[in-house]
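>
Protein chains in written order, with our numbering: chain L, 1207 to 1503; chain F, 189 to 552.
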């Protein structure tokens, strides 16, 4: 068993990873609540945004422009998808909507493999200037990107919570989460609210992609399917509570990284999100409910 | 359930009250001819490259068949079938290295052990439905991928895992004595696939098939009608896992060497995509799906086109299928062809001035 000293650096990296998971998780939950779509292309959109940013930086564009393009790309693609495929699928079940976003995932994934070929193992990386600076907590080096990741997660949870609670648009989104039809009858511009949710989720996807490209790796496959891991947090919260998603995300990130120094479990640490999510789903659904409503399906 | 809107298309193809008449005879004849063609003519016509590809097609049409049973018949969407295939391949490879049992016996054992594992994965299905079921299977598939990456596939080593990391000479996974060459192994895999199709067909045409159809339409109604939904859902998972496990066994012999990087989690997603594109409601859809998944990449590779275009195509295909053609290619193409035929016939008729054009009547 490793000593406490060995665990310390992994607490820091675990919190940072948890923060990014929270970023993805909260974006997913908000979009799911507002539109009923589980956005499985979250990772692919972020990955492509990050790759575009990398290309721009490589071509000599100022870095901050590239980062903005990355975030904007996420927003644009997500909004476009929502506008094109939202309406025809609006009346279908949540599962069909989710599988359709897998279609978008495959399109983006294929495009990424095509445009950014991994020729001869050339590795790409995005390094944010915040990687270099940092401070010490005890004996552990903390860099600013890690701080930003955790803070972005916390900030997003707080901002989204306040937004949903106190603004008109947020109230409309919560109403739509309850019942789309009744909300429409009350005169809420349903399509416009949905568009706002799509755009917001897309911007978050772009931001998460940028941070993950720095914290994890700038690789299409890794980033695209990292969404499966970050989905775990949202699933533990049953795609409902934002606060719970955040807590679960931090827990997943922490446990994942804390397993690293334990030799017997180190190889299996990538299972953490899957095992936690599967266990949570099983526990949460231990009461059998039979429902005629299609929303539950 | 995947979707109620598409159930009518499935119900049309899946009527237990079919009349055994000329239609059935013709259909059986066509299937027999196709099978004979695949067994006798194809190995003569194709190069070794395409024979290998067609062996993969035979393997993957069984995998697609298993997923088709879950998605199309019972309405349970699983995003973990590629992981189940990996389990089947692992078990078969382990047994083939450890014992000298005849190959069919190993296939059977691989099927049964995978069935046990797959039923375990299916257990949450008793509580979860729809989206949550799809996601938990995706999570479990992810977990299995991680475990496989650590344990690796057996390569003739000792111990339970049978993996020998430092081995210089890695023995190939053996094939059955009667099917050592590639063409012979292709025939072997076609026969196995045909048997699996027969097994599934027998299920669909009898009591389980009717119970599944009822569950797909409405679970509460099926429950009210006295159907043991728990039993039949588990049964579906068991059947799908069994055929997938057998397919894994065939795959082990086909490729000779198995590596865990060949079974990434995203394969499960692609698999669901092609099954939906091929058509989950018809047995032909499984064959179409396997051709899409294995033959198309081989063709593109031969023509020097990047396989990434295919991923894009699959993605667009999923979106197209979900928005406009819920029953998939196996249903849509014949219907579109019939429509085209009607359109052409009308054109021809309109071309002759004497005969009055048929009035009214949409093309449907």
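Note that the Cβ used here is the ideal one computed from N, Cα and C, for glycine as well.
Hey, does residue 1305(L) have any beta-carbon neighbour from chain A nearer than 8 Å?
Protein chains in the displayed structure are L and F, and chain A is not among them.
> Using a C-beta to C-beta distance shorter than 8 Å, which residues of chain F count as neighbours of residue 1477(L)?
Looking up residue 1477(L) in the first chain gives position 271. Under the 8 Å cutoff, chain F gives 330, 331, 334, 335.
> Would residue 235(F) count as contacting chain L if we go by Cβ distances under 8 Å?
By one-based count along the second chain, residue 235(F) stands at place 47. Answer no: the Cβ-Cβ gap between residue 235(F) and chain L never drops below 8 Å.
> How would you write the range of the beta strand (DSSP E) that residue 1347(L) sits in, first residue to last?
Counting from one through the first chain, the residue named residue 1347(L) turns up at place 141. Residue 1347(L) -> beta strand (DSSP E) spans 1346–1349.
> Quick check: the Cα distance between residue 1501(L) and residue 1378(L), rounded to an integer number of angstroms?
The count along the first chain starts at 1 and reaches residue 1501(L) at position 295. The count along the first chain starts at 1 and reaches residue 1378(L) at position 172. Only weak support is given to the placement of residue 1501(L): the predicted model assigns it a pLDDT of 44, under 50, and the question is left unresolved by the model.
> Less than 8 Å between CB atoms is the rule here; does residue 503(F) satisfy it with respect to chain L?
Taking the second chain and counting its residues from 1, the one referred to as residue 503(F) is at position 315. Yes, contact with chain L.
> Going by DSSP in three states, residue 341(F) sits in which element: helix, strand or coil?
Position 153 of the second chain, counting from 1, holds the residue named residue 341(F). Coil at residue 341(F), not helix or strand.
> Listing by chain order, which chain F residues have their CB less than 9 Å from the CB of residue 1294(L)?
For this step, residue 1294(L) is matched to residue 88 along the first chain. Simply 510, 511, 512.
> Taking DSSP's pairing of strands, which residues face residue 1341(L) in a bridge?
Walking along the first chain from the start, residue 1341(L) turns up at place 135. Answer is 1348(L).
> Any idea what DSSP makes of residue 486(F), helix, strand or coil?
Position 298 of the second chain holds residue 486(F). Here residue 486(F) sits in helix by DSSP.
> Could you list which residues in chain L have their beta carbon closer than 9 Å to that of residue 291(F), in chain order?
As a working note, residue 291(F) is residue 103 in the second chain. Near residue 291(F) there are no residues of chain L at all, since even the closest Cβ is about 33 Å away, more than 9 Å.
> Against chain F, with Cβ distances strictly below 8 Å, would residue 1245(L) count as a contact?
Stepping through the first chain from its first residue, residue 1245(L) is reached at position 39. For residue 1245(L), the answer is no, since every Cβ of chain F falls outside 8 Å of its Cβ.
> Are at least three pairs of beta-carbons, each pair with one atom in the stretch 434–454 of chain F and one in the stretch 1419–1434 of chain L, less than 8 Å apart?
Yes, the stretch 434–454 of chain F is in contact with the stretch 1419–1434 of chain L.
> Name the chain L residues whose beta carbon is nearer than 7 Å to that of residue 454(F)?
Residue mapping note: residue 454(F) aligns to position 266 of the second chain, counting from 1. In chain order: 1431.
> Grab me the residues of residue 1455(L)'s own chain with a C-beta within less than 6 Å of its C-beta, minus the 5 sequence neighbours each way, in chain order.
Your numbering for residue 1455(L) matches position 249 in the first chain. The answer, listed in chain order, is 1224, 1227, 1228, 1231, 1439.
> Apply the 10 Å Cβ neighbour rule to residue 1420(L) and answer buried if 16 or more other Cβ atoms are within range, or exposed otherwise.
Taking the first chain and counting its residues from 1, the one referred to as residue 1420(L) is at position 214. Result: buried.
> Helix, strand or coil, according to DSSP, for residue 307(F) in the structure here?
Against the second chain, residue 307(F) aligns to sequence position 119. Helix at residue 307(F).
> Taking the alpha helix (DSSP H) that residue 215(F) falls in, what are its first and last residues?
The sequence position of residue 215(F) within the second chain is 27, counting from 1. Element bounds for residue 215(F): 210–224.
> In chain L, which residues lie less than 9 Å from residue 461(F) when you measure between Cβ atoms?
Reading the second chain from its first residue, position 273 is the one you call residue 461(F). Ordered by position in chain L, the residues that pass the 9 Å Cβ test against residue 461(F) are 1305, 1308, 1309, 1312.
> Among 1472(L), 1449(L), 1459(L), 1208(L), which one has its Cα closest to the Cα of residue 1363(L)?
Locating residue 1363(L) in the first chain gives position 157, counting from the first residue. Nearest option by C-alpha distance: 1449(L).
> For the stretch 480–496 of chain F, enumerate the residues whose C-beta is nearer than 9 Å to any C-beta of chain L, in chain order.
Those would be 494, 495, 496, in chain order.
> Given a threshold of 16 other Cβ atoms within 10 Å of its Cβ, counted over all protein chains shown, does residue 404(F) qualify as buried or as exposed?
Within the second chain, numbered from 1, the residue matching residue 404(F) stands at position 216. That one is buried.
> Consult DSSP for residue 1360(L) and reduce its assignment to one of helix, strand or coil.
Residue 1360(L) sits at position 154 when you count from the first residue of the first chain. Helix, per DSSP.
> Listing by chain order, which chain F residues have their CB less than 8 Å from the CB of residue 1480(L)?
Taking the first residue of the first chain as 1, we reach residue 1480(L) at position 274. Result: 327, 328, 330, 331, 334.
> Leaving out five residues before and five after residue 1275(L) in sequence, what residues of the same chain have Cβ atoms less than 7 Å from its Cβ?
The residue given as residue 1275(L) occupies position 69 in the first chain. Within the same chain, residue 1275(L) has close Cβ partners 1258, 1259, 1262.
> For the stretch 1426–1453 of chain L, list every residue whose C-beta sits within 9 Å of some C-beta in chain F, in sequence order.
Residues 1427, 1430, 1431, 1434, 1435, 1437, 1438, 1441, 1444, 1445.
> Going by DSSP in three states, residue 1424(L) sits in which element: helix, strand or coil?
Here the question's residue 1424(L) lines up with position 218 in the first chain. DSSP places residue 1424(L) in coil when its eight states are reduced to three.
> Which word fits residue 1469(L), buried or exposed, when buried means at least 16 other C-beta atoms lie within 10 angstroms of its C-beta?
Along the first chain, one-based indexing puts residue 1469(L) at 263. With fewer than 16 other Cβ atoms within 10 Å, it is exposed.
> Are the C-beta atoms of residue 1491(L) and some chain F residue less than 8 Å apart?
Taking the first chain and counting its residues from 1, the one referred to as residue 1491(L) is at position 285. It does: the Cβ of residue 1491(L) has a partner Cβ on chain F nearer than 8 Å.
> Cutting at 7 Å between CB atoms, please list the residues of its own chain near residue 1346(L), excluding the five before and the five after it.
Counting from 1 along the first chain, the entry for residue 1346(L) is found at position 140. Only 1214, 1215, 1218 meet the Cβ criterion.
> Going along chain F in order, which residues have a C-beta closer than 8 Å to the C-beta of residue 1212(L)?
As a first step, residue 1212(L) must be located in the first chain, where it is residue number 6. In chain order: nothing, as chain F lies at least about 21 Å away.
> Would a check of beta-carbon distances place residue 535(F) closer than 8 Å to chain L?
Walking along the second chain from the start, residue 535(F) turns up at place 347. No, because no Cβ of chain L sits closer than 8 Å to the Cβ of residue 535(F).
> Kindly indicate the opening and closing residues of the alpha helix (DSSP H) around residue 250(F).
Your numbering for residue 250(F) matches position 62 in the second chain. First-last of the alpha helix (DSSP H) with residue 250(F): 236–256.
> With a threshold of 8 Å, are at least 3 pairs of Cβ atoms found where one atom belongs to the stretch 299–318 of chain F and the other to the stretch 430–440 of chain F?
Cβ pair count under 8 Å is three or more, so yes.
> Hey, would you say the C-beta of residue 1283(L) is under 7 Å away from at least one heavy atom of the ligand NAD?
The model depicted lacks the ligand NAD and carries no ligand whatsoever.
> Taking only runs of the alpha helix (DSSP H) that begin and end inside the stretch 461–511 of chain F, which ones reach a length of at least 4 residues, in chain order?
Fully enclosed alpha helix (DSSP H) runs of 4 or longer: 471–478, 484–491, 496–511.
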